[in-house]
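A short write-up of the structure that comes next.
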Amino acid sequence: MPVVRGKIIEPLYTAEQIAVRNKALALQIASGPTNDLLVIAILKGSFIFAADLIRALHDTGLAPEVEFITLSSYGTGTVSQGVRIVKDIDSDVHGRDVLLIDDILESGRTLKFAKELLFERGARHVSIAVLLDKKVKRKEELEADHVGFECPDYFVVGYGMDVAYAFRELPFVGVVTGDALNDA
Ligand code: IMP
Ligand code: MG
1439 MPVVRGKIIE
1449 PLYTAEQIAV
1459 RNKALALQIA
1469 SGPTNDLLVI
1479 AILKGSFIFA
1489 ADLIRALHDT
1499 GLAPEVEFIT
1509 LSSYGTGTVS
1519 QGVRIVKDID
1529 SDVHGRDVLL
1539 IDDILESGRT
1549 LKFAKELLFE
1559 RGARHVSIAV
1569 LLDKKVKRKE
1579 ELEADHVGFE
1589 CPDYFVVGYG
1599 MDVAYAFREL
1609 PFVGVVTGDA
1619 LNDA
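Sequential numbering from 1439 applies to the sequence shown in the numbering used here.
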């Protein structure tokens, strides 16, 4: 079992499994609307998934432009929850087909906010690709068009995803299961 920063990380989806899914997702995406395609990665968690997926898109013959948007959720518990733009894209989306990429679809608030924002700005078509879908956590009526894996309700790390800024560098998706025994 991999040990990182003294924690045991149990792999949930290996690098090999993820690579297979990325190829399949790219083929699905290529068969949909891709006119003047703009791919927008939602930072920070999606950065590795987006990097691999856009190269898989290239392998299908697509030549998308790539942008980044940083979104942040605010409010917890009983306070009404919302999403705000921390750093916006620079491109004009008017009349374009847009693919939003995120790491996890959970409540759906982040992606609902992003999708509505792009339609308000005149995008012609907006589709959504996520690596993981945690359906049981959904609070909004929103589904992704392209899903890597249906994910159980675990807190996952790796492949871009963090807990307290750690573990983004792992090449696989895993779950922190405990502390490694110290044999010193
Ligand atoms: P939501 O769909 O608006 O609830 O947003 C889901 C976002 O929460 C994801 O894009 C992640 O940034 C973060 N997130 C949710 N679950 C996890 C997890 O298990 N590990 C790491 N980040 C998570
Ligand atoms: Mg995120």
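From the three backbone atoms N, C-alpha and C, an ideal C-beta is built for every residue, glycine too.
Burial state of D1535, where buried means 16 or more other Cβ atoms lie within 10 Å: Reading the sequence shown from its first residue, position 97 is the one you call residue 1535. With a 10 Å radius around the Cβ and a threshold of 16 neighbouring Cβ atoms, D1535 comes out buried.
Option in I1446, V1601, F1593, G1546 with minimal Cα separation from A1582: For the purposes of this step, residue 1582 is identified with residue 144 of the sequence shown, where counting begins at 1. Selected option, being the one with the closest Cα: G1546.
E1503 versus A1618 - alpha carbon distance: Locating residue 1503 in the sequence shown gives position 65, where the first residue counts as 1. Locating residue 1618 in the sequence shown gives position 180, where the first residue counts as 1. Separation of E1503 and A1618 (C-alpha to C-alpha, rounded to the nearest whole angstrom) is 43 Å.
Any non-hydrogen atom of the ligand IMP within 7 Å of R1547 CB: Counting from one through the sequence shown, the residue named residue 1547 turns up at place 109. Result yes, Cβ under 7 Å from the ligand IMP.
Rounded straight-line distance, which links the Cα of R1559 to that of D1490: Position 52 of the sequence shown, counting from 1, holds the residue named residue 1490. Position 121 of the sequence shown, counting from 1, holds the residue named residue 1559. So the alpha carbons of these two residues sit roughly 27 Å apart.
Stretch-stretch touch, CB-based, cutoff 8 Å, three pairs: the region 1523 to 1534 with the region 1459 to 1466: Result no; under three Cβ-Cβ pairs closer than 8 Å.
Per DSSP, cross-strand counterpart(s) of P1502: Walking along the sequence shown from the start, residue 1502 turns up at place 64. For P1502, which the question treats as bridged, DSSP gives no partner whatsoever.
Segments assigned beta strand (DSSP E), at least 3 residues, entirely inside the region 1548 to 1611: Annotation: the region 1548 to 1611 contains the following complete segments of the beta strand (DSSP E) (minimum length 3 residues), in chain order: 1563 to 1571, 1584 to 1588.
Unbroken alpha helix (DSSP H) run spanning A1453, endpoints: To locate residue 1453, count along the sequence shown from 1; it is residue 15. 1453 to 1468 is the extent of the alpha helix (DSSP H) around A1453.
Distance between G1596 and Y1451 (C-alpha atoms, nearest Å): Here residue 1451 refers to the residue found at position 13 of the sequence shown. Here residue 1596 refers to the residue found at position 158 of the sequence shown. Approximately 10 Å between the Cα atoms of the pair.
Three-way DSSP call (helix, strand, coil) for V1526 in this model: For the purposes of this step, residue 1526 is taken as residue 88 along the sequence shown, with counting starting at 1. The sequence as given places Asp at residue 1526; Val does not occur at that position. D1526 carries a coil assignment under DSSP once its states are collapsed to helix, strand and coil.
Pairwise C-alpha distance: F1610 and I1456: Position 18 of the sequence shown, counted from the first residue, corresponds to residue 1456. Position 172 of the sequence shown, counted from the first residue, corresponds to residue 1610. Distance between the alpha carbons of I1456 and F1610 is about 8 Å.
Heavy atom of the ligand FAD within 7 Å of D1541 beta-carbon: Of the ligands this structure carries, namely the ligand IMP and the ligand MG, none is the ligand FAD.
Chain-order list of residues whose beta-carbon lies under 6 Å from that of I1486 (same chain, five-residue window excluded): For the purposes of this step, residue 1486 is taken as residue 48 along the sequence shown, with counting starting at 1. Within the same chain, I1486 has close Cβ partners Y1597, G1598.
Proximal residues to T1615 (C-beta, below 6 Å), its chain only, five neighbours per side dropped: Position 177 of the sequence shown holds residue 1615. The residues are I1446, E1448.
Contacts around V1613, its chain only, beta-carbon distance under 8 Å, and the 5 residues preceding and following it disregarded: Sequence index remark: in the sequence shown, residue 1613 carries index 175 (1-based). Sequence-distant Cβ neighbours of V1613 in its own chain, meaning closer than 8 Å and more than five residues away, are I1447, E1448, L1450, Y1592, F1593, V1594, V1595.
Distance between beta carbons of I1566 and K1553, contact taken as under 8 Å: Along the sequence shown, one-based indexing puts residue 1553 at 115. Along the sequence shown, one-based indexing puts residue 1566 at 128. Going by Cβ atoms, the distance from K1553 to I1566 rounds to 7 Å, so yes, they are a contact pair.
Residues of its chain near A1479, where Cβ-Cβ distance is below 6 Å and the 5 sequence neighbours each way are ignored: Residue mapping note: residue 1479 aligns to position 41 of the sequence shown, counting from 1. In chain order, A1488, F1506, I1539 place their CB closer than 6 Å to the CB of A1479, counting only its own chain and leaving out the 5 sequence neighbours on each side.
Contact test: I1480 Cβ vs the ligand MG heavy atom, cutoff 7 Å: Within the sequence shown, residue 1480 is the residue found at index 42, counting from 1. I1480: yes, Cβ under 7 Å from the ligand MG.
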